[in-house]
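Single-structure report; data block below.
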Amino acid sequence: MIFGMAARAESKRRVENRDISDRFRKYIGRQVSYFTHGIHRYPAKFIPQVPRFCLDKYSRPGDSVIDPFMGSGTTLLEAMLMGRDCYGIDIHPLARLITKVKLTPIDQRELKSAAESLIKSIDSDGDDNRSCIPEIPNFDHWFREEVANELATIKKHIWQLPKGDIRDFLTICFSSVIRRVSNSDDFSLIPEVTTFQKKLVEQEKVDFDAKTRFENTVRQRMIDVQDLNKALAKSRKKYKHEPDVSIIGRDARDIDLEDESIDLGITSPPYASAVHYVSVHKLEMYWLDIMAIDPELDKRIVGTIKAYANEYNNWSPGGILPEIDSLVRKVAESDQKSGYILHRYFVDMRKSFDEMHRVLCSDGAYCVVAGENMLKKTKIPTFKLLRLLAMDVGFKSEAVFDYDIINRHLDVPRWNNSAIQQDHIIVLRK
């Protein structure tokens with residue numbers, strides 16, 4: 010009944026809906042990885058111009074902004090550069106570390122001194138550092154022996170540094186080269202040794218020199234940090250505001266903020282059974298010694314495919330919204346587990362919307378970027394269903410902006426042959 014009332018009320022309002030692809034189509038390459046945006050690869054992230062569009066349209070300098078599914082921190086970096094206080098949440102430990110490094114200005118002289126000293130120590134190290142090689146299942150499948158030894162040497166010297174911003178920066182530089190010197194196809198979403206990759210190796214077109222790759226990465230990222238430092242100085246001068254920047258938690262379903270304390274929310278939430286975030290970064294997580302910290306991490310991610318038989322065997326669809334429940338039943342008829350996964354996803358997203366509605370100020374906006382995906386050959390209009398779910402929680406639907414996805418490395422398949430061609434910015438208002 011509540012849903013029916015929300016739908017009727019929404020139908021009486023004129024919802025702004027237009028295609029803004031022209032705004033973003035021109036942005037490619039370095040134009041989407043400026044400053045520290047390109048410090049580490051991360052799946053399914055939007056280009057920085059998307060949150061910038063939302064920030065410009067729905068906030069002003071000094072406002073507070075939150076991204077409850079921050080990923081690698083794209084929204085937070087743009088908010089900080091635009092003089093907004095910004096807060097982020099993500100359950101993934103690597104995402105939190107990437108974001109922390111991406112947002113942290115570092116004194117250039119101190120960074121250069123530490124980096125040069127580290128590189129020199131690595132180059133002169135002739136020791137046997139195999140004790141620094143992590144235990145990875147099927148290790149020889151993923152790494153050549155000489156590559157593993159070089160990575161172990163790099164890791165040893167980084168781990169000897171005192172904990173702090175510089176060590177975190179160098180750790181992310183290290184993490185960013187691991188996949189590129191592994192046997193995995195660098196263009197594959199999850200680590201896999203493909204036939205294409207094997208052919209490249211046979212043709213000697215793959216560079217397995219971990220030390221050189223690491224050194225080059227450090228030098229490039231130092232330039233990025235220097236550019237960030239300059240940009241932040243200009244931002245402070247322009248907006249007369251020193252932004253408060255913080256990663257405040259791990260769960261978008263339980264936000265550690267006071268009621269009505271945030272002016273704007275911007276996020277690109279996960280999809281049901283979409284990106285296996287732990288699998289995507291498993292090689293990096295093993296090398297960084299964070300894979301074993303939370304063995305249940307994959308199970309607690311919103312949209313995860315992890316589910317136990319005792320959870321879904323005795324489960325039956327229903328209790329969310331008619332449109333969602335009917336779709337869940339359709340999927341469950343084909344596969345009970347997948348139906349349960351879809352149901353659980355929308356239950357979790359409802360909790361997230363509840364929390365966002367609580368922390369947003371009266372009349373605050375929430376921009377949710379989403380598209381469609383496939384699950385068991387069933388098309389899931391995720392962005393439409395999330396919009397309805399948000400309205401049921403109490404949000405008003407103000408606008409929907411559509412745009413074409415032009416960078417295939419940012420558009421990660423939402424699993425099960427579900428590559429997305431277009432995303433939508435759903436603008437909700439409290």
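Numbered by our numbering, the letters in the sequence shown go through residues 10 to 439 in order. C-beta atoms are modelled at their ideal positions from N, C-alpha and C, and glycine is treated no differently. Quantities reported herein were computed from a predicted structural model and do not represent experimental measurements.
Here the stretch 212-226 makes no contact with the stretch 245-260; the two share fewer than three CB pairs at distances below 8 Å. Under the DSSP assignment, S42 falls outside any alpha helix (DSSP H); it carries neither an H nor an E label. Counting C-beta pairs with one atom in each stretch, the stretch 265-281 and the stretch 299-315 have three or more that are closer than 8 Å, which means they touch. Using a C-beta cut-off of 8 Å, the stretch 97-116 makes contact with the stretch 249-257, since at least three inter-stretch Cβ pairs fall below that distance. The residues G274, M365 and L437, in chain order, have a CB closer than 6 Å to that of Y375 in the same chain once the five nearest residues on each side in sequence are set aside.
Rounded to whole angstroms, Y43 and T83 show a C-alpha spacing of 11 Å.
H46 sits buried, since 16 or more C-beta atoms from the chains shown fall within 10 Å of its C-beta.
In chain order, H166 place their CB closer than 6 Å to the CB of S130, counting only its own chain and leaving out the 5 sequence neighbours on each side. The Cβ neighbour count for F55, taken over all protein chains shown within 10 Å, is at least 16; the residue is labelled buried. When only Cα atoms are considered, N323 and V156 end up about 48 Å apart.
G373 is bridged by DSSP to nothing; it lacks a bridge partner.
Judged by beta-carbon spacing, T387 lies beyond the 8 Å limit of V356, meaning their Cβ atoms are not closer than that value. In the DSSP secondary-structure assignment, A379 is bridged to H433. For S406, the enclosing beta strand (DSSP E) begins and ends at K405 to D413.
Straight across, the Cα-Cα distance linking V202 with Y67 is about 44 Å. The criterion of a C-beta distance shorter than 8 Å is not satisfied by A318 and F362. If you check the CB distance, F217 and V190 come in under 8 Å. Taking one beta carbon from each stretch, the stretch 171-190 and the stretch 295-302 have 3 or more pairs nearer than 8 Å; the two touch. DSSP, reduced to helix, strand and coil, places S361 within a helical segment of the structure shown. Cβ neighbours of S288 within its own chain (closer than 7 Å, five residues either side excluded): I199. Per the C-alpha coordinates, the member of K111, I175 and S347 positioned closest to D236 is K111. V59 has its alpha-carbon roughly 18 Å from the corresponding atom of I48. Apart from the 5 residues on each side of it in sequence, A161 sits with its Cβ closer than 7 Å to the Cβ of N138, R139, C141 and I142 in its chain, given in chain order. The beta carbon of L384 sits closer than 7 Å to the beta carbons of A281, S282, V340, S347, L351 and N425 from its chain, once the five residues preceding and following it are set aside; these are given in chain order. With fewer than 16 other Cβ atoms inside 10 Å of its own Cβ, P331 counts as exposed.
In the structure shown, K385 adopts coil according to DSSP, grouped into three states.
About 4 Å separates the beta carbons of A219 and E159, which is inside the 8 Å limit, making them a contact pair.
Of S122, V215 and S325, the smallest CA-CA separation from R153 is found for V215. For G47, DSSP assigns no beta-bridge partner whatsoever. Rounded to whole angstroms, the gap between the alpha carbons of S197 and Y354 is 25 Å.
Excluding the 5 residues flanking it on each side, I302 has same chain C-beta neighbours closer than 8 Å at P102, in chain order.
The criterion of a C-beta distance shorter than 8 Å is not satisfied by R93 and P57. When the Cα atoms are used, G327 and Y321 turn out to be separated by approximately 13 Å. R27 has F410 as its beta-bridge partners, per DSSP. CA-to-CA, the gap between R396 and S122 works out to about 50 Å.
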